[in-house]
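In this note's numbering, the protein residues as written are 24 to 323.
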């Protein structure tokens, strides 16, 4: 049985690999399928899908590329991430609504740069864009900038002094609710998945309430396998999936060199997401629509 990875990032958000290089790496590691789920952006999907087709047409080891996204949302002041799989990312309506997400992040970044300037740091949103062309700017890019400029000695120091939620320089971004993200993914024909719930440290009752409310909104899946899960985490997520009749998903949350020691497909060494997860997701799509997933990568 081959492995799949349904949660990864490229340099179009806060990963270090280009979308094409990510697909090459997935093929080299023998993955059956890879979902590119960059933060609040679809900018890398066309490149990744095209590279997957090139490998297949050339008769080389190839991997199915699944068009995806990871939305950053807020639930009762808590960060919650919703992954979308098999989204119709070229839908005009979807793209219009996604642009509102991008605009809110840009406005936040401009304000954060002004705060850091007041701290004596020679930074601007334009400089961040120049160093990270075509990427959605996240705090990981700020940390890299501060480290390169000698303002801090480590990425951790950058967050502790300047970028963390509780520093005076941080500016929170307006975020949609998890339910709104679920609805947006559904409107694009995708499969909405609750990403890495144990990372939210909510407690069982509060997490159960979240999953229950999202199920009513149309949530279809939950990540039951993830790079940092303990055995107990996996058992807890499987119970939630069974209780709310959710599809099983999982992934490494690969970011390339931006998350040292965390590898594609295997996480920190013990992760294995079986291809049968993807078979069930596709079966659900066929059941719901009467046809196989209509993503461009389906020909890979």
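Ideal Cβ placement from N, Cα and C applies to all residues, glycine included.
All values reported here derive from a predicted model rather than from experimental measurement.
Delimiting residues of the beta strand (DSSP E) encompassing residue i
| i | result |
| --- | --- |
| residue 16 | With the chain running from 24 to 323 in the structure shown, residue 16 is simply not present. |
| residue 28 | 26-31 |
| residue 58 | 56-59 |
| residue 249 | 244-249 |
| residue 271 | 270-274 |
Bounding residues of the alpha helix (DSSP H) (the contiguous stretch that carries residue i)
| i | result |
| --- | --- |
| residue 98 | From DSSP, residue 98 is part of no alpha helix (DSSP H) but of the beta strand (DSSP E) over 87-98. |
| residue 75 | 68-80 |
| residue 39 | Unbroken run through residue 39: none, as it is neither H nor E. |
| residue 263 | 254-266 |
| residue 293 | Neither: residue 293 is in no alpha helix (DSSP H) and is coded neither H nor E. |
| residue 115 | 115-141 |
| residue 179 | 178-181 |
| residue 149 | 148-154 |
| residue 315 | Per DSSP, residue 315 belongs to no alpha helix (DSSP H) and is neither H nor E. |
| residue 163 | 162-171 |
For residue i, the nearest candidate out of the options (CA to CA)
| i | options | result |
| --- | --- | --- |
| residue 199 | 55, 93, 228 and 76 | 93 |
| residue 139 | 174, 38, 37 and 32 | 174 |
| residue 231 | 205, 264, 58 and 283 | 264 |
| residue 37 | 67, 80 and 48 | 67 |
| residue 89 | 69, 167 and 77 | 69 |
| residue 194 | 87, 225, 214 and 132 | 132 |
| residue 83 | 50, 223 and 34 | 50 |
| residue 98 | 304, 163, 237 and 293 | 237 |
| residue 143 | 192, 243 and 127 | 192 |
| residue 213 | 55, 289 and 60 | 60 |
| residue 40 | 281, 305 and 234 | 281 |
| residue 32 | 305, 277 and 312 | 277 |
| residue 64 | 243, 262, 239 and 157 | 157 |
| residue 28 | 35, 234 and 46 | 46 |
| residue 197 | 312, 100, 235 and 313 | 100 |
| residue 130 | 266, 161, 216 and 54 | 161 |
| residue 268 | 235, 250 and 289 | 235 |
| residue 110 | 95, 126, 127 and 91 | 91 |
| residue 211 | 316, 218 and 219 | 316 |
| residue 128 | 52, 95, 112 and 145 | 95 |
| residue 294 | 305, 247 and 308 | 247 |
| residue 52 | 262, 43 and 26 | 26 |
| residue 35 | 190, 159, 48 and 126 | 159 |
| residue 85 | 114, 44, 62 and 308 | 44 |
| residue 304 | 166, 155, 216 and 179 | 216 |
| residue 257 | 279, 296 and 239 | 296 |
| residue 209 | 266, 30, 114 and 259 | 114 |
Residue environment, residue i, which counts as buried when at least 16 other CB atoms sit within 10 Å
| i | result |
| --- | --- |
| residue 254 | exposed |
| residue 291 | exposed |
| residue 24 | exposed |
| residue 81 | exposed |
| residue 188 | exposed |
| residue 252 | buried |
| residue 136 | buried |
| residue 164 | buried |
| residue 241 | exposed |
| residue 244 | buried |
| residue 116 | exposed |
| residue 312 | exposed |
| residue 310 | exposed |
| residue 55 | buried |
| residue 87 | buried |
| residue 250 | buried |
| residue 177 | exposed |
| residue 306 | exposed |
Residue i: CB within 7 angstroms of a non-hydrogen atom of the ligand ATP
| i | result |
| --- | --- |
| residue 49 | The model on display carries no ligand, and the ligand ATP is accordingly not part of it. |
Residue-chain proximity (residue i, chain D), Cβ-Cβ < 8 angstroms
| i | result |
| --- | --- |
| residue 114 | Looking at the structure shown, chain D is missing, and only one protein chain is on hand. |
Enumerated in chain order, which unbroken segments of the alpha helix (DSSP H) with a length of 4 residues or greater are wholly contained in the region 193-232?
201-210
State whether the region 136-151 contacts the region 109-122, with contact taken as three or more CB pairs (one from each stretch) at a distance under 8 angstroms.
no
So does the region 90-109 actually touch the region 195-211, counting three or more Cβ pairs closer than 8 angstroms?
Yes: the two stretches touch, three or more of their Cβ pairs being nearer than 8 angstroms.
Closer than 8 angstroms is the cut-off here; do at least three beta carbon pairs connect the region 74-91 with the region 177-195?
The region 74-91 is not in contact with the region 177-195.
Taking three-plus beta-carbon pairs below 8 angstroms as touching, is the region 268-275 in contact with the region 296-312?
yes
Examine the Cβ distances between the region 219-234 and the region 277-289 and report whether three or more of them are shorter than 8 angstroms.
As far as the Cβ criterion goes, the region 219-234 does not touch the region 277-289, which means the pair count is below three.
Segment contact, 8 angstroms Cβ cut-off, at least three pairs: the region 214-227 with the region 163-170:
no
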